[in-house]
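Student:
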Amino acid sequence: MIDIAVLGAGPAGMAAATQAAQRGASVVLFDESPAPGGQVYRAAPAGYAMPRDADRAEGDALRAALAASNAVVRTGHRVWGVGGGPLVPLGEAAAPFRLDALAPDGSNTITEARALVLATGTHERIIPFPGWTLPGVLGLAAATILLKANGVLPGRRVVVAGAGPLLYAVAAKLAKAGATVAAVVDLAATSEWIAALPALMARPDLLARGAAWRASLTLKGVPVLAAHRIVAAEGVGVLQRVRVAPLAGGDYRVFDCDALTIGHGLVPATEATRAFRAAHRYVAESGGWVPVLDEDRRTSIPLLYACGDGSGVRGAAAAPASGRVAALAALRDLGLIDAASHATSRASPAADFARASRAGGAMARMMALRPALVAAIPPETIICRCEGVTRAQIEAAVEDGATAMNQVKQFTRCGMGPCQGRLCGEAAAELVAARVGGREKAGFATGRVPLRPVAMDALLGDFDYADIPVPRPAPI
Amino acid sequence: MDAIAGRDMLTSVADDLRIAGMTRPAPVAFTFDGVELRAPEGESLAAALIASGIRRLGEGLDPARPRAALCMMGVCQQCLVRVDGRLAQSCLVPVRAGMLVAPA
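In the order they appear, the protein sequences are chains A and B. In my numbering, each residue's number is its place in the first sequence (first place is 1) plus 31. In my numbering, each residue's number is its place in the second sequence (first place is 1) plus 1408.
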């Protein structure tokens, strides 16, 4: 058994694993990707040489520190099972945590750990609109992965839409890489960006980068439409054009394009804390449901910690500091460092986190869910792509008596497909919330194993039909 | 609609969407739905298909929600294809020489 397992090798997980290993703990860090970095600092595939930028330098520094530590890094491992801790039969003492992961060769690995640090990051929120299922429509974060990790353009002529700083980052990168940016469609009004400026003053580097993005778009004559939304994506078989209208209503504009990159903010990935039945609360400006944490990032479950954007969106700059705070708390709780050493060591990362959170929090607020977008979804639009469930079907389920997300899932199959509600959950919950009196009441689908799709043969291993234990027949 | 109807529509606009000026591994050949394509070894399969002008990856269960890359990070499950017969998320699969990819 190891001391500390860390789930997720983004900035928070890399920093947590490095910190814990530097203080003498045995640490294993898991990630699905082939190399540490997470989405924001995603490493280029082997054999690629990408141009350096500020993000890449930051990611390389965290990777180098991790590599220099004694932490065992298991990349290419898909963690599909979490267990142990409180997930034991009633009346039994808490067990060590257990992680089940598929190794790159497809075999299953089991790791037991005394403490578990979750650094699971976020996924993108995309509020559905007519035509969002057309090939050619993809996420803003997806576009950054295509550009940064593969050096591939999503299309030749691209509309960039949604909310938050990623909008301008993607648009500027696309334009620089040779795509035509047909339009930038920003949900936020200019006044919202101006209101966010004071919080950004602490990060002149970010402000400068943002200003450079905007300037490069202006220079190329890219139309930037503030307080506008995508009304529909259209095309025969694939995306060919989008309709854009002001949020306040008014005339449509049509932009021809072969790709639409769209994102409405980031949602913390809480499937693991939900599976452990940790306490959660709904904080719209942190991205949605987040685990309840103390100031040292302890969840309500003993020896379970959460850090980085997966515990509330505060951005990549704040993530390493929150990972270090979580790691130090785990070290203290396991008795690997004493109280005095903990108090001294946590002061600096805690202060770093508070400082970075100011700008990160302002950006998270820009990316918070906008209920008006959900209200504008037409009844026949598909919300759940895995199971083909429309807005009208979700609302009919509520009319029929479903009072919370778990029941809507059971009534309609919304969120029951392979993505497990990661794509539809936000819009569906908002539709339910509007009818049952808020997101707290609508709740969330219970977290369940497997956290990711896993093939039956990987689960079964060499267990065969003949291995099924047959009970002895009962005496007559 | 044909499984890869998007391809013909797009090849004229986007015969190669790979950004110039970066070092990549040598291209290898693989097939999608019987058509031979080339992509740098290790490129994400979803990216390789997009770069080849293939956005519609398959019909799935319902033409109203065909297979297509959406999140590129293994979350959304919309980019499913069959790789050498096994269901796989194309965004998470690196391109290898000779892989047989089919719509799912």
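The C-beta atom is built at its ideal place from N, Cα and C for all residues, glycine as well. Bear in mind that the values here come from a model prediction, so they are computed numbers and not experimental data.
Quick one, are the C-beta atoms of residue 1427 of chain B and residue 169 of chain A less than 9 Å apart?
Tutor: no
Student: Enumerate in chain order the residues of its own chain whose CB-to-CB distance from residue 312 of chain A is below 7 Å, with the five nearest sequence positions on each side excluded.
Tutor: 321, 323
Student: Which partner residues does residue 1439 of chain B have in the DSSP bridge list?
Tutor: B:1444, B:1508
Student: Out of A:232, A:418, A:339, A:92, state which residue places its alpha-carbon closest to the alpha-carbon of residue 384 of chain A.
Tutor: A:339
Student: Would you kindly check if the distance between the Cβ of residue 1447 of chain B and the Cβ of residue 1436 of chain B is under 9 Å?
Tutor: yes
Student: Please list, in chain order, the residues of the stretch 176-199 of chain A that have any C-beta partner in chain B closer than 9 Å.
Tutor: 176, 177, 178, 180, 181, 182, 183, 184, 185, 186, 187, 188
Student: Under 9 Å, do residue 174 of chain A and residue 1480 of chain B count as touching if we go by C-beta distance?
Tutor: yes
Student: Determine, using beta-carbon pairs with one atom in the stretch 431-444 of chain A and one in the stretch 459-475 of chain A, whether at least three such pairs fall under 8 Å.
Tutor: yes
Student: Between the Cα of residue 138 of chain A and the Cα atoms of A:363, A:486, A:500, A:439, which residue gives the shortest distance?
Tutor: With distances taken between Cα atoms, residue 138 of chain A lies closest to A:486.
Student: Within the same chain, show all residues whose beta-carbon is closer than 8 Å to that of residue 128 of chain A, passing over the 5 residues directly before and after it, in chain order.
Tutor: 36, 113, 114, 115, 116, 143, 144, 145, 146, 147, 334, 335
Student: Could you tell me how far apart the beta carbons of residue 446 of chain A and residue 458 of chain A are, in whole angstroms, since I believe they sit closer than 8 Å?
Tutor: At roughly 11 Å, the Cβ-Cβ gap does not stay under 8 Å, so residue 446 of chain A and residue 458 of chain A are not in contact.
Student: Once you ignore the five residues that flank residue 381 of chain A on each side, which residues in its own chain have a CB closer than 6 Å to its CB?
Tutor: 356
Student: Should residue 1429 of chain B be flagged as near chain A, meaning a C-beta pair shorter than 9 Å?
Tutor: yes
Student: Buried or exposed: residue 418 of chain A, going by 16 or more other Cβ atoms within 10 Å of its Cβ?
Tutor: Buried is the call here.
Student: Can you name the residues that DSSP bridges to residue 139 of chain A?
Tutor: A:133
Student: Quick one: complete beta strand (DSSP E) runs, 3+ long, within the stretch 286-369 of chain A?
Tutor: If we require 3 residues or more, the beta strand (DSSP E) runs fully inside the stretch 286-369 of chain A come out as 290-294, 297-299, 311-314, 319-322, 335-337.
Student: Determine the extent of the alpha helix (DSSP H) in which residue 429 of chain A is found, giving its start and end residues.
Tutor: 422-430
Student: Cβ closer than 7 Å: which chain A residues qualify as neighbours of residue 1511 of chain B?
Tutor: Here the premise fails: no neighbours, minimum Cβ distance about 12 Å.
Student: Classify residue 302 of chain A as buried or exposed, calling it buried when 16 or more other Cβ atoms lie within 10 Å of its own Cβ.
Tutor: buried
Student: Output yes if chain B places a C-beta closer than 9 Å to the C-beta of residue 164 of chain A; else output no.
Tutor: yes
Student: Quick one: which unbroken alpha helix (DSSP H) runs of 4-plus residues sit fully inside the stretch 206-285 of chain A? Chain order, please.
Tutor: Segments of the alpha helix (DSSP H) lying fully in the stretch 206-285 of chain A: 221-231, 235-250.
Student: Which residue or residues does DSSP assign as beta-bridge partners of residue 109 of chain A?
Tutor: A:133
Student: Kindly indicate which residue of A:373, A:353, A:98, A:354 has the alpha-carbon position closest to the one of residue 362 of chain A.
Tutor: A:373
Student: Keeping to the same chain, check which residues put their C-beta closer than 7 Å to that of residue 271 of chain A; ignore five residues upstream and five downstream.
Tutor: 265, 287
Student: Where does residue 494 of chain A land, buried or exposed, given buried means 16+ other C-beta within 10 angstroms?
Tutor: Residue 494 of chain A should be labelled exposed.
Student: Within 10 angstroms of its Cβ, does residue 141 of chain A collect 16 or more other Cβ (buried), or is it exposed?
Tutor: exposed
Student: What are the uninterrupted segments assigned as beta strand (DSSP E) that are 3 or more residues long and contained completely in the stretch 57-96 of chain A, given in chain order?
Tutor: 58-61
Student: State buried or exposed for residue 1414 of chain B, treating a residue as buried only when at least 16 other CB atoms are found within 10 Å of its CB.
Tutor: For residue 1414 of chain B, the pLDDT reaches just 44, beneath the cut-off of 50, and the residue's location in the model is therefore unreliable, although a value from the coordinates is still provided. Taking a 10 Å sphere around the C-beta of residue 1414 of chain B, we find 16 or more other C-beta atoms and assign the residue as buried.
Student: With DSSP collapsed to three states, give me the class of residue 446 of chain A.
Tutor: The three-state secondary structure of residue 446 of chain A, taken from DSSP, is coil.
Student: Please list, in chain order, all residues of the same chain as residue 1497 of chain B whose beta carbon is under 7 Å from its beta carbon, the five residues on each side excluded.
Tutor: 1482, 1485, 1487, 1488
Student: Quick one: does residue 1452 of chain B have its CB under 9 Å from some CB of chain A?
Tutor: yes
Student: Between which two residues does the alpha helix (DSSP H) harbouring residue 50 of chain A extend?
Tutor: 42-53
Student: Counting along the chain, where does the alpha helix (DSSP H) carrying residue 574 of chain A start and finish?
Tutor: Only positions 32 to 507 of chain A appear in this structure, which leaves residue 574 of chain A out of reach.
Student: Using a beta-carbon distance below 9 Å, is residue 444 of chain A in contact with chain B?
Tutor: no
Student: So, at 7 Å on beta carbons, what are the nonlocal neighbours of residue 1416 of chain B in its own chain, with the 5 sequence-adjacent residues on each side left out?
Tutor: Caution applies to residue 1416 of chain B, whose pLDDT of 42 falls short of 50 and renders its modelled position unreliable; the model cannot decide the point.
Student: Indicate whether at least one CB of chain B lies closer than 9 Å to the CB of residue 81 of chain A.
Tutor: yes
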